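The opening position of the sequence shown corresponds to residue 4 in the numbering used here, with each subsequent residue numbered one higher. Okay, so here's the structure we're looking at.
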Amino acid sequence: MKWRAAHWLGKSFIPTITDPVEHGDVLRLAGREWFVIHTPGHTSDHFCLHDPAEEIMLAGDHVLPTITPHISGVASSPDPLASFFYSLDRVAEIQDIDRVLPAHGHPFTDLPGRTRAIKQHHEERLERVRTISRDLGPATVQAFSQQLFRERSWGAMAESETYAHLEHLRIAGRAERHEDDAGHLVYVAG
């Protein structure tokens, strides 16, 4: 509602990009050189910053120490979850990262271990989607979402992430999708 009201009033919460960056660019911040690493998944334009001299990575919402980042199903990539997996693998390969500074939670040190744990969580979630499909039969994204997430988490973000998982399965040939008479997407994941 806040976004709709702001749009109606002619205001925007989206900042104007004054100095766009791309993967591989170098930024000078706080007297240091930070390398830009494009890390789609949480959002399609997400990036991390790496300072190899100090062995620090600013991970933003890409890799979190105790929770898994929200993966938006609304992205420029046809398969946001595959993009997320790819970018997790790329940051895990970076050598000599001593400290990871996430957007949520405490700093941590084992970046490769944490990326593996996050990928494992999503692999388990994909399997859970397939189990839900066997129980529900053909179902909407919302119906899958309400089985996948606790009630306190129901809503647009849960549905967006559920959609990302369903589309990942569909693109991999492990789910089918059609539109019902009301225009809702209906999935069967085998």
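Glycine is no exception: its CB is placed at the ideal position from the N, C-alpha and C atoms. Quantities reported herein were computed from a predicted structural model and do not represent experimental measurements.
Judged by DSSP secondary structure, Asp92 falls within the alpha helix (DSSP H) whose first and last residues are 83 to 95. Non-local beta-carbon contacts of Phe88 in its own chain, meaning distances under 7 Å to residues more than five positions away in sequence, involve Lys122 in chain order. For Asp138, the enclosing alpha helix (DSSP H) begins and ends at 114 to 139.
Under DSSP, Phe147 shares a beta bridge with no residue.
For Leu188 and His124, the gap between their C-alpha atoms comes out near 25 Å.
Closest by C-alpha distance to His168, out of Leu151, Gly158, Trp157, is Leu151. In this structure, the CA atom of Val94 is about 13 Å from the CA atom of Leu67. The alpha-carbon separation between Thr69 and Gly108 amounts to approximately 7 Å. Distances from the alpha-carbon of Ala175 to those of Trp37, Gly193, Ser163 put Gly193 closest.
When DSSP reads this structure, Glu36 sits in a beta bridge with Arg31. For Ala159, the secondary structure class from DSSP, reduced to helix, strand or coil, is helix. Apart from sequence neighbours up to five positions away, the residues of its chain that approach Arg31 with a beta-carbon distance below 8 Å are Trp37, ordered along the chain. Taking a C-beta distance under 8 Å as the contact criterion, Gly34 and Cys51 do not qualify as a contact pair. Counting every other CB atom within 10 Å of its CB across the protein chains shown gives Val144 a total of 16 or more, marking it as buried. In this structure the segment 70 to 90 lies against the segment 159 to 173, because at least three pairs of beta carbons, one per stretch, are closer than 8 Å.
If you draw a straight line from the Cα of Arg180 to the Cα of Gly186, it comes to about 12 Å.
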